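The sequence shown begins at 1 in our numbering and counts up by one.
Don't be surprised by glycine CBs; every beta carbon is placed ideally from N, CA and C.
No experiment lies behind these values; they were computed from the predicted model shown.
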Amino acid sequence: MVIDRKTTLWSLCLLAGSLMVGCGKGGKATPAASPEHQVVYRWQFESGEREGWAMESSHPYMGWEVEHLLFNPARIGEENPYVGETDGFSLNYNRYWSQFFDPAMNPEEFRLDFSTGAESNWGLVTSPPIELSGLEDARLVFSCTFDMENIKGIDIRSVRILDGKTGFLAKEIQLGFDGVEDSPEGLCSGWEEWHSHVIDLSSFMESVQVEFHFDSVDSFKNNGKGWFLDDIQIQAAQQIKS
Ligand SMILES: [Ca+2]
Ligand SMILES: [Ca+2]
Ligand SMILES: [Ca+2]
């Protein structure tokens with residue numbers, strides 16, 4: 001991680017988060033840390049910045065970005081399922097803001113989707129390295145909502161855990177309703193409404209990186225609003241004294 005002012009502020013935020021269960025406005029959808037678990041890292045993206053997360057996508061105007069949903073013109077005048085509980089900025093995969101915002105455009109033409117015409121598209125967003133050594137019973141907790149196909153193998157949404165040192169893919173869980181029964185951690189309890197996932201990280205002893213991967217796989221039915229993430233937390237039962 002490049003050390004700059006923002007990083008320094010974020011480090012302070014992390015420190016504060018570890019002491020007082022996060023900083024900034026909390027998303028209500030993510031369950032509060034249980035009495036047994038404390039928040040060690042937390043990303044709510046309320047700075048409007050990427051906060052150390054790296055983004056990569058297959059298409060020049062489609063991919064992950066930190067976006068404020070209330071400022072999105074595609075949302076004005078519409079009952080907005082994405083602004084209810086985890087409002088403000090979130091991490092989302094769909095058309096880049098700059099590519100659908102044109103002040104001269106009729107507001108009715110604003111589009112929020114992940115369609116690239118005849119092509120498929122994919123995107124990857126990767127956390128900064130997360131140090132887990134000394135943490136007991138670590139887990140990843142995040143809020144999620146989406147508007148896309150929900151069939152195994154199509155419009156794939158998955159969370160990946162990478163070994164922080166080698167980059168080796170150590171765990172991958174597909175999120176959804178159907179076909180994910182073998183990994184209950186991936187079961188989405190809501191569609192177009194914020195819900196939370198809890199991913200066990202207790203087998204990881206050192207550092208990890210968390211990745212969220214989207215792949216439309218094909219060009220069909222990509223007119224949904226995309227995938228939204230917020231309030232991404234690393235929680236631990238306790239910090240082991242060395
Ligand atoms: Ca947020
Ligand atoms: Ca966007
Ligand atoms: Ca699709």
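Got a sec, what are the start and stop residues for the beta strand (DSSP E) residue i sits in?
{"i": "residue 50", "result": "Note, residue 50: premise wrong, no beta strand (DSSP E); not H, not E."}
{"i": "residue 62", "result": "62-68"}
{"i": "residue 145", "result": "139-147"}
{"i": "residue 96", "result": "Where residue 96 is concerned, there is no enclosing beta strand (DSSP E), given that its DSSP letter is neither H nor E."}
{"i": "residue 228", "result": "226-236"}
{"i": "residue 163", "result": "156-163"}
{"i": "residue 200", "result": "195-200"}
Would you kindly check if the distance between the Cβ of residue j and the Cβ of residue i is under 8 Å?
{"i": "residue 91", "j": "residue 215", "result": "no"}
{"i": "residue 120", "j": "residue 202", "result": "no"}
{"i": "residue 137", "j": "residue 236", "result": "yes"}
{"i": "residue 227", "j": "residue 93", "result": "yes"}
{"i": "residue 67", "j": "residue 43", "result": "no"}
{"i": "residue 53", "j": "residue 125", "result": "yes"}
{"i": "residue 211", "j": "residue 147", "result": "no"}
{"i": "residue 142", "j": "residue 197", "result": "yes"}
{"i": "residue 165", "j": "residue 207", "result": "yes"}
{"i": "residue 149", "j": "residue 221", "result": "yes"}
Quick one: residues in its chain with C-beta nearer than 7 Å to the C-beta of residue i, no 5 flanking neighbours on either side, listed in chain order?
{"i": "residue 77", "result": "Since pLDDT at residue 77 reaches only 44, below the 50 mark, its modelled position is unreliable, and the value read off the structure follows with that caveat. Excluding residues within five positions, none has a Cβ falling inside 7 Å."}
{"i": "residue 234", "result": "40, 41, 130, 138, 140"}
{"i": "residue 189", "result": "195"}
{"i": "residue 223", "result": "113, 115"}
{"i": "residue 36", "result": "237"}
{"i": "residue 209", "result": "126, 127, 129, 130, 162, 164"}
{"i": "residue 169", "result": "160, 162"}
{"i": "residue 118", "result": "219"}
Using DSSP's beta-bridge definition, name the partner residues of residue i.
{"i": "residue 122", "result": "215"}
{"i": "residue 170", "result": "In DSSP, residue 170 forms no bridge with anything."}
{"i": "residue 151", "result": "In the DSSP output, where bridge partners are listed per residue, residue 151 has none listed."}
{"i": "residue 176", "result": "187"}
{"i": "residue 55", "result": "125"}
{"i": "residue 90", "result": "67"}
Residues in the same chain with beta-carbon distance under 8 Å from residue i, minus the five sequence neighbours each way, listed in chain order, please.
{"i": "residue 174", "result": "152, 156, 157, 158, 180, 183, 186"}
{"i": "residue 133", "result": "205, 206, 207"}
{"i": "residue 48", "result": "66, 68, 89"}
Take residue i and list the residues in its own chain whose beta-carbon comes closer than 6 Å to its own, dropping the five residues that flank it on each side.
{"i": "residue 59", "result": "116, 121"}
{"i": "residue 57", "result": "63, 123"}
{"i": "residue 154", "result": "217"}
{"i": "residue 171", "result": "161"}
{"i": "residue 232", "result": "43, 142"}
{"i": "residue 200", "result": "139"}
{"i": "residue 27", "result": "The predicted position of residue 27 is uncertain, since its pLDDT is 37 and thus under 50; no value can be drawn from it."}
Handout entry: Residues proximal to ligand 2 by C-beta, any heavy atom closer than 6 Å
Key = 65, 67, 92, 94, 95, 96, 97
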